[in-house]
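*Asks:* Please see the structure below; I have some questions.
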Amino acid sequence: MKKALLSSTAFALAFGMAGTAQAQDNTDGAEDGAVDEDVILVTATRRAEDVQDIPIAVTAVSPVQLERQGVVNVQEITSVSPSFSTSNAQTSSGSVVLRIRGVGTTSNNIGFESAVGIFIDGAYQSRPGIALSEFVDVERVEVLRGPQGTLFGRNTSAGALNITNVRPDLSEFGGFANGTYGNRDLVSVQGAVNVPIVQDTVALRVTGAYRQRDGYVTIVDGAGNEIGESNGSDQFLVRGQIGWETDSGIRGRIIADYAESKAPFGAAIEVLKSGLETSGLFGLVGLGARGGMAGPTVATNPFDQPTAEAAINNRIATANFEPTTRSDNWGVTGEIEVPLGDSADLIYIGSYREYSSFEAYDSDFSGLDVFNVDAGITEIDTMTHELRVQGDAFGGRLSWLVGGYYSKEDIAASTSFSLGEDYGELVGALFVGGTAGLSPPFGVFFNSPLVPDPTNPLTFLTGADPAGTTATNNYAQNSESWSIFTHNTLDITDHLSLTVGLRYSDESKTGGYQQSAVNNPTCLGFFADANNNMTPDGLDRLGQAVGTANPAVPGAPASIPATVGALAPTAFGLSCFAFTAPAIGSDANPFPLPRPFSGDFNDSELIYTGKLSYSFDAPVNVYASFTHGYKSGGFNLDSTAASGGADPRFLSETVDAYEVGLKARLLDRAVTLNIAAFREEFQNFQVLEFTGAQFQTFNVPKANSTGLEVETVIRPSDNLTINSGVTYTRARYPQDCAGTQTANNVVALCGNSLTNAPEIVAIMGATYERDLGSYLDFFLTGQIRFEDDRRTSTQAFDPADLANPVLVPFDVQDSNTKINLRAGIGAQDDSWAIEAFATNLTNQVTRGVTFNTVLRSGSRSAFPQEPRSYGITLRSQF
């Protein structure tokens, strides 16, 4: 497949297919757009500049492109930028991962920050989930590839998204309204109205959007009865702006927005059955032949890729209740620009934002009542301030900028877990599978006359039934960040320019975990004295079961040390399941017992960049750059982060990035060609991994991303535009990635690709548009996106046995091609239009994340990505 793609890519490039950066269609002034339709003005350098003139690899996307490719939020930018990708897991906000050039922070932990920074109207958004509101009334989206720390600050070690909304128009009344209806009962309404309050001085702009759509995953219970849906939409957004400009040139705006979302999200689909199911052990303990699963098609062989793909295509998930997801998000952003004479400006951007979410879901992803998140509550308050002074000197040969930045973020999270009625029986099945070899045919508990209920061995080991166990875990993190920065470009000659940028960044965080409530008699049953120290009681019971169940040892003693030693960790771990165990951990009582912690994290870094660019007369620009980037460390906000005396903190991540590029307009500006080659070397790369029992954070000493990007646009005529982009990325952990570390989960990564980092992504499309007489016009646009094979799990091999590595089943998502089509007809003055669209036309259902199903030995589950969508849109402007 790769050879075929490379051949087609070479063919495409030979004929000059176009890239994803196209000219903006609507222009309102020097910063809002360009008069020349071939010029795209962006603010990637914090100044309004032609994208072809800046020594940065950036994809600029206009609102017309967003509409015609069906891009309605941050996660769908993949349709227009081959170097950008995204994935999501069981929560709609907390598990969103953004990647640029194959690099992102895989995390389901609120303590982790994204490696791809998001900036909306100049204000930093502290978590990707906060920025999931719908794209509406957007002026442009810029995808800045590679570290951007000198200008955009914290947490941009992989790149940044710079999103700019349409400013209030001070001169003209106007607006628009759009309505869409589509499959899965999609109903979408968007609109905006612009009202000058004082002509040419003050204006109000109000924008709104509403979207509702049925989920594309059907949820059934253990008997196969439909009980709900997941992965739909039910959200709205309201944004209001006041903009002004005085006669003296002072201009600014205040933006206030509110967004709400409440559609169920996060059901997982089983793709590989547990060995407990195929061997009949679930039935043995009374949980039914399938142990609560009801997916119609599930693989039983870890190499049966077609059946696993069929399971995803069915989009049927099993759970014992429909997930609940709600989020509220509001904020205020202020921006003011004050001229300081004719050659300098003072610019201030400040923001305050509050985000809150509530989530409840079946965390074992089966129809059994085993392990539930009853209430996951997250609140994030963020305040940012940026002040900069910038201008020109030496007759315009020097563009200079100096500034300062401060941000404060407060995170409070609380998660309430519970164990259900089937937990004890599930543990019985796990023990049967794990101890059958000790005392055939059914394991130590089934063959022991001491155990009155072998289907629930925890009642024998601990003296209590685990059903009804509850725990509420609370996490907090407070962070402050400040920096001073400068970014300057000197035209050494009329063609040669030097750019130097520096930023000193300081990070301070306090973080901690406490348990506010717990009811877990099962775990405490393993402990007898008042100090909760482990005593022989729990282990003696295990030894009694082993001893009396072993027919080969007549009159065996109550405890068989070797066997008990082998089974003790499993018995202890299942009695004291990490998420619901009491927080009584200590050096003597290690994992899985949670251990409260409170601590500080402090770090600082000098971020810097140097770029040389040379402009030819064609115009053709070439550049070379080096950038040292940084992403802050912090706390693993998980109940087991400090278990056994572990340090709950993780280190900051740094990157050294090298890039050379070419930007050209050729053939009388009919062809635009951009090429960038890059090498990014990460140190202390941050990783979060779910082991099946806990979330572990760790730093991998080395990770690299190397590749080539090509974006082109060709306009054979006024009516036809052809576009394409190809990204080749080799994002990997090198063979020596572990350095001096010896931990299996780090060593196992070496030599493998990063998660969800395909080597090749290619986009090719074309748009044809023309007038029909003197009143109507129409357009037809189509786009194909090819994606190479990619890994969807943290680990490629089971790290438990490095000497005999075993591939993780269904880790790799096969290569796929997705097609989007849209056609429309309307008035030439844009007063009305009607469009028909289809995205993912051939219904390629792919996986974003694949993982070990919780508490289901050998089972694998996955989170699917968006299937085919189609519908009709009506547009009007006034």
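Take the sequence shown: its letters are residues 261 to 1138, numbered as in this note's numbering.
By construction, the Cβ of each residue, glycine as well, lies at the ideal position given by its N, Cα and C atoms.
Go ahead and pull the three-state DSSP assignment for Glu214.
*Replies:* Nothing can be reported for residue 214: it is not among the residues displayed for the chain, which extend from 261 to 1138.
*Asks:* Please confirm whether Ser386 and Glu669 have their CB atoms less than 8 Å apart.
*Replies:* Taking 8 Å as the Cβ cut-off, Ser386 and Glu669 qualify as a contacting pair.
*Asks:* List the endpoints of the continuous beta strand (DSSP E) containing Val531.
*Replies:* 529-532
*Asks:* Have a look at Ile378 and Cys783 and give me their C-alpha separation to the nearest angstrom.
*Replies:* 43 Å
*Asks:* For His258, does the count of other Cβ atoms within 10 angstroms reach 16, so buried, or fall short, so exposed?
*Replies:* The structure shown does not extend to residue 258, since the chain is modelled only from 261 to 1138, so the question has no answer here.
*Asks:* Do the region 867-884 and the region 822-841 touch if we need at least three Cβ pairs shorter than 8 Å?
*Replies:* no
*Asks:* Can at least three beta-carbon pairs, one atom from the region 479-489 and one from the region 453-465, be found at a separation below 8 Å?
*Replies:* no
*Asks:* Thinking C-beta only, is Val363 closer than 8 Å to Asp397?
*Replies:* The Cβ-Cβ distance between Asp397 and Val363 does not fall below 8 Å.
*Asks:* Please name the residue in Glu740, Asn780, Ile752, Gly785 whose C-alpha comes closest to that of Gly1141.
*Replies:* A question about residue 1141 goes unanswered here, because the residues of the chain that appear run from 261 up to 1138.
*Asks:* Please state whether DSSP places Pro456 in a helix, a strand or coil.
*Replies:* strand
*Asks:* By DSSP, does Ile337 sit in helix, in strand, or in coil?
*Replies:* helix
*Asks:* Sorry if obvious, but does the Cβ on Ser835 come closer than 7 Å to a heavy atom of the ligand ZN?
*Replies:* Absent from the structure shown: the ligand ZN. Ligands present: none.
*Asks:* With H, G and I counted as helix, E and B as strand and the rest as coil, what does DSSP make of Pro701?
*Replies:* Assignment of Pro701 by DSSP, reduced to helix, strand and coil, places it in the coil class.
*Asks:* Pro315 by DSSP, collapsed to three states: which one?
*Replies:* Reduced to three states, the DSSP call for Pro315 is coil.
*Asks:* Just the C-alpha distance for Ala452 and Val986, rounded to the nearest angstrom, thanks.
*Replies:* 35 Å
*Asks:* Indicate the three-state DSSP secondary structure (helix, strand or coil) for Gly1131 in the structure shown.
*Replies:* strand
*Asks:* Give a yes or no on whether the C-beta atoms belonging to Tyr384 and Thr644 are separated by under 8 Å.
*Replies:* yes
*Asks:* Distance, Cα to Cα, Ala272 vs Ser345?
*Replies:* Confidence is the limiting factor: at Ala272 the pLDDT is only 39, short of 50, which leaves the residue's position unreliable and the question unanswerable from this model.
*Asks:* Could you have a look at Ile390 and say whether DSSP puts it in helix, strand or coil?
*Replies:* helix
*Asks:* Report the rounded CA-to-CA distance for Arg939 versus Arg361, giving the unit in angstroms.
*Replies:* Between the alpha carbons of Arg939 and Arg361 lies a distance of about 10 Å.
*Asks:* Ignoring anything shorter than 3 residues or poking outside the region 990-1015, list the beta strand (DSSP E) runs there in chain order.
*Replies:* Taking only runs of at least 3 residues, no beta strand (DSSP E) segment lies wholly in the region 990-1015.
*Asks:* Which residues mark the beginning and the end of the alpha helix (DSSP H) in which Ile572 is found?
*Replies:* 565-574
*Asks:* For the beta strand (DSSP E) holding Pro1018, just list the boundary residues, first then last.
*Replies:* First-last for Pro1018: undefined, no H or E at that position.
*Asks:* Per DSSP, Asp622 is paired with what?
*Replies:* Asn632
*Asks:* Report yes if the C-beta distance between Asn574 and Gly555 is below 8 Å; otherwise report no.
*Replies:* yes
*Asks:* Can you tell which of Ala727, Leu658, Ser984 has the C-alpha that lies nearest to the C-alpha of Thr753?
*Replies:* Leu658
*Asks:* Please report how far the alpha carbon of Ser1136 lies from the alpha carbon of Phe955, in whole angstroms.
*Replies:* 49 Å
*Asks:* Measuring alpha carbon to alpha carbon, tell me which residue in Gly500, Arg1120, Tyr1035, Lys891 is nearest Thr1052.
*Replies:* Arg1120
*Asks:* How would you write the range of the alpha helix (DSSP H) that Arg328 sits in, first residue to last?
*Replies:* Per DSSP, the continuous alpha helix (DSSP H) segment holding Arg328 begins and ends at 323-328.
*Asks:* Identify every residue that forms a DSSP beta bridge with Asn589.
*Replies:* Ala519, Tyr615
*Asks:* Could you tell me if Gln282 is buried or exposed, where buried requires 16 or more neighbouring beta carbons within 10 angstroms of its beta carbon?
*Replies:* Confidence at Gln282 is low in this model, with a pLDDT of 43, below 50, so the placement of that residue should be treated as unreliable; the coordinate-derived value is given next. It is buried - the Cβ of Gln282 has at least 16 other Cβ atoms within 10 Å.
*Asks:* Mapping DSSP to helix, strand and coil, what is Asp474?
*Replies:* coil
*Asks:* Let me make sure I understand the geometry here. Which of Asp1058, Asn1112, Ala1093, Tyr1028 has the alpha-carbon closest to that of Leu1081?
*Replies:* Tyr1028
*Asks:* Under the three-state reduction of DSSP, which class applies to Thr467: helix, strand or coil?
*Replies:* Of the three classes helix, strand and coil, the one that applies to Thr467 here is strand, per DSSP.
*Asks:* For the region 617-630 against the region 540-553, do three or more pairs of beta-carbon atoms, one drawn from each stretch, fall closer than 8 Å, so that the two count as touching?
*Replies:* yes
*Asks:* Does the separation of the CB atoms of Phe1046 and Thr1000 fall below 8 Å?
*Replies:* Going by C-beta atoms, Phe1046 is not nearer than 8 Å to Thr1000.
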